[in-house]
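One structure is given here, and the rest of the page talks about it.
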Amino acid sequence: MTDQTQNALLRDQLAWHWTNQLRKRLDGLTDDEYFWEPVPGCWSVRPRGTGVAPVQAGAGAMTIDFAMPEPDPAPFTTIAWRLGHVIVGVLAVRNAAHFGRTPTDYRSFTYAATASEALAQLDAEYATWLAGVESLGEAGLARPCGQAEGPYAESPMARLVLHIHREVIHHLSEVCLLRDLYLHTQQRTRREAS
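Residues in the sequence shown are numbered consecutively from 1, following UniProt numbering.
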């Protein structure tokens with residue numbers, strides 16, 4: 001076995017999960033799945049002016065529902081919302097703060113109106129993140145995160161990398177589970193209708 005650098009191991013943590021567990025499960029995501037609301041009152045990505053939350057953020061024709069502070073319990077969220085959160089709040093904001101991406105946030109981002117557009121956004125932000133982590137090398141993993149990470153400014157970049165990987169794995173696993181639920185709910189509905 002060859003020795004791997006910490007940087008390579010950290011990248012492999014996410015890349016392996018992405019390649020073997022997550023990304024293939026997202027192939028073929030339909031718009032019906034993307035916007036499906038399994039329970040009433042879901043937060044989602046919606047056409048501007050139709051949001052159900054106190055805040056509807058976004059720069060384009062679509063906005064994402066949210067509130068600050070977040071209600072307790074938080075509303076259930078759709079696949080569209082969860083993908084929007086991963087694309088913007090988890091990856092794009094960090095890519096902008098640390099790896100030269102154009103600055104963005106929940107309010108300035110143009111949210112996807114289709115599942116295929118959302119997956120293209122996800123793929124782009126994932127690729128930027130992974131290349132950015134690689135560019136840190138070993139020394140960059142030890143440097144402080146900086147002001148962009150607020151109270152974690154003095155934490156090493158390696159801690160941020162681990163956190164972002166946990167977030168991507170966690171939320172995209174939820175998306176996969178919602179796809180399973182959608183499939184089985186729709187099959188049951190069709191059986192009951194026949």
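C-beta: ideal position from N, C-alpha, C; glycine also.
From a predicted model like this one, the values you see are computed outputs, not experimental measurements.
Would you tell me roughly how many angstroms separate the C-alpha atoms of residue i and residue j, rounded to the nearest one?
| i | j | result |
| --- | --- | --- |
| L136 | G89 | 21 Å |
| A53 | A139 | 43 Å |
| R11 | A158 | 11 Å |
| H163 | H184 | 32 Å |
| R25 | H171 | 13 Å |
| A57 | W43 | 12 Å |
| Q4 | P40 | 48 Å |
Using a Cβ-Cβ cutoff of less than 7 Å, which residues in the same chain neighbour residue i once the five nearest sequence positions on both sides are dropped?
| i | result |
| --- | --- |
| G132 | N95, H98, F99 |
| Q147 | A153 |
So, helix, strand or coil for residue i, using DSSP?
| i | result |
| --- | --- |
| T19 | helix |
| T50 | coil |
| M1 | At M1 the pLDDT is 46, less than 50, meaning the model places this residue with poor confidence; the figure from the coordinates comes in the next sentence. Coil, per DSSP. |
| W36 | coil |
| D65 | strand |
For residue i, I'd like the list of residues in its chain whose CB is within less than 8 Å of its CB, leaving aside the five on either flank, ordered along the chain.
| i | result |
| --- | --- |
| W36 | T78, I79, L178, Y182 |
| Q6 | E138, L141, A158 |
Let me make sure I understand the geometry here. Which of the options has the alpha-carbon closest to that of residue i?
| i | options | result |
| --- | --- | --- |
| L29 | Q186, H184, C176, Q187 | C176 |
| residue 274 | N20, L9, R11 | In this structure the chain extends from 1 to 194, so residue 274 is not present and cannot be described. |
| T110 | A74, M62, L122 | M62 |
| P38 | Q4, F66, W81, T50 | W81 |
Within the same chain, show all residues whose beta-carbon is closer than 6 Å to that of residue i, passing over the 5 residues directly before and after it, in chain order.
| i | result |
| --- | --- |
| A113 | M62 |
| A118 | L83, A112 |
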